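Residue numbers (the working numbering): 1203 to 1390.
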């Protein structure tokens, strides 16, 4: 008899401004080539879970995201996401990801909020700028999350300005701090 499959490790990945901003008007706040490369390298070969609006915000040429199991969460069971798997809820999406090891939630704000309590790891591109936005990443508590790595992504100006210079940003990985009640219950 084989051992039951372990639940996947849930990870969130996002580019986040100092003020927690992640998007405005269904668009990302910046086009950061190094961040897009980091996203591709980090999520390649994995399952990625996204909401319908995030799916629709992807350029058509990149739908589905190549070399990833794309899972789109929508409350509309008739929604067509060509090349992706449709799920009616976050929990259904996690089940559809199966035993694929690490599963990435890639947005939007509602899915980040729903999945944060389930997550073991956060891959954040921390952008050294504040940005006007209508979508925000949920606040993370230092009591629950520990920084485990940080590397510079762009060390230029600390904020984008009228010169069009890209803001400085770091690639940061956080892991959930374990205690008896928050790790054993989630299989982490």
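Every residue gets a Cβ at the ideal spot worked out from N, C-alpha and C, and that includes glycine. Quantities reported herein were computed from a predicted structural model and do not represent experimental measurements.
Take the Cβ of residue 1305 as the centre, count every other Cβ of all protein chains shown within 10 Å, and call the residue buried at 16 or more, exposed below.
In the chain shown, residue 1305 corresponds to position 103, counting from 1. By the 10 Å Cβ count, residue 1305 comes out buried.
Would you say residue 1284 faces chain C, with C-beta separation under 9 Å as the test?
The structure shown contains no chain C; it is built from a single protein chain.
In the DSSP assignment, the alpha helix (DSSP H) including residue 1299 goes from what residue to what residue?
In the chain shown, residue 1299 corresponds to position 97, counting from 1. Note, residue 1299: alpha helix (DSSP H), 1292-1299.
Please list the terminal residues of the continuous beta strand (DSSP E) segment that includes residue 1211.
What you label residue 1211 is simply residue 9 of the chain shown in a count that begins at 1. First-last of the beta strand (DSSP E) with residue 1211: 1211-1219.
Are the CB atoms of residue 1339 and residue 1320 within a distance shorter than 9 Å?
As a position in the chain shown, residue 1320 is number 118, starting the count at 1. As a position in the chain shown, residue 1339 is number 137, starting the count at 1. No, Cβ-Cβ distance for residue 1320 and residue 1339 is not below 9 Å.
Can you name the start and end residues of the alpha helix (DSSP H) that residue 1256 belongs to?
Here residue 1256 corresponds to residue number 54 of the chain shown, with the count starting at 1. Element bounds for residue 1256: 1254-1259.
Distance check for residue 1296 and residue 1467, CA to CA, integer angstroms please.
Outside the shown range of the chain, which is 1203 to 1390, sits residue 1467, and nothing can be said about it.
Might you give, ordered along the chain, the residues of its own chain that have their beta carbon closer than 8 Å to the beta carbon of residue 1299, omitting 5 neighbours on each side?
As a first step, residue 1299 must be located in the chain shown, where it is residue number 97. For residue 1299, where only same-chain residues beyond five positions count, the Cβ hits under 8 Å are 1210, 1249, 1251, 1271, 1273, 1305.
Rounded to the nearest angstrom, what separates residue 1330 and residue 1219 at their Cα positions?
Within the chain shown, numbered from 1, the residue matching residue 1330 stands at position 128. Within the chain shown, numbered from 1, the residue matching residue 1219 stands at position 17. Rounded to the nearest angstrom, the two C-alpha atoms are 6 Å apart.
Residues in its own chain within less than 8 Å of residue 1318 by CB, not counting five upstream and five downstream?
In the chain shown, the residue the question calls residue 1318 occupies position 116. The residues are 1214, 1340, 1342.
With DSSP as the reference, label residue 1360 as helix, strand or coil.
The sequence position of residue 1360 within the chain shown is 158, counting from 1. Confidence at residue 1360 is low in this model, with a pLDDT of 48, below 50, so its placement is unreliable and no value can be given for it.
Would you mind working out which of 1227, 1232, 1212, 1287 sits nearest residue 1194, comparing C-alpha positions?
Since the first residue shown for the chain is 1203 and the last is 1390, residue 1194 is missing from the structure and cannot be characterised.
Looking at the structure shown, is residue 1237 part of a helix, part of a strand, or coil, going by DSSP?
Numbered from 1 along the chain shown, position 35 holds the residue referred to as residue 1237. If DSSP states are grouped into helix, strand and coil, residue 1237 belongs with the helices.
So, is residue 1373 buried or exposed, given that buried needs 16 or more other C-beta atoms within 10 angstroms?
One-based indexing of the chain shown puts residue 1373 at position 171. So residue 1373 counts as buried.
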